[in-house]
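Heads up: the structure comes next, in structure tokens.
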Amino acid sequence: MRNAGRSKAYVFGLWTGIAVISGLAALAGYTLLGGTPAAVLAAIIALAGGAILAMIADTMIPEAFENAHLLIGLITVGGFLVAFALSQAG
156 MRNAGRSKAY VFGLWTGIAV ISGLAALAGY TLLGGTPAAV LAAIIALAGG
206 AILAMIADTM IPEAFENAHL LIGLITVGGF LVAFALSQAG
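Shown next, in the form of structure tokens:
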């Protein structure tokens, strides 16, 4: 986004907004889906995970590839490994 001419404030504000909306959506999901069967919850979580990966791939990976061409694959896999380890630890 910075390469497209967006200011640092715009980029920070956009991602802050995304984080706030995501938190509100999580709260709504927790409240509304309390008694939902496990299979339905698994499908919803899979859809949400796919949406997050699509957003990251579309927005952040091209900029990262431009700045760290040789290491971006390793860095990305490392990030997913850390996320997986944290999900298994809790």
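In this note's numbering, the protein residues as written are 156 to 245. A virtual CB, placed ideally from N, CA and C, is assigned to each residue, including glycine. Note that the structure is predicted; figures quoted are calculated from it, not measured.
Residue i, enclosing alpha helix (DSSP H) - first and last residue
i, result
"residue 187", "163-187"
"residue 231", "227-244"
"residue 215", "That residue, residue 215, is in no alpha helix (DSSP H); it is neither H nor E in DSSP."
CB contact flag (residue i, residue j, <7 Å)
i, j, result
"residue 227", "residue 219", "yes"
Below-7 Å beta-carbon distance, residue i vs any chain C residue
i, result
"residue 186", "No chain C appears in this structure, which consists of one protein chain only."
Of the residues the options, the one placed nearest residue i, counting alpha carbons only
i, options, result
"residue 156", "213, 240, 198", "213"
"residue 242", "223, 204, 209", "204"
"residue 170", "182, 199, 202, 211", "211"
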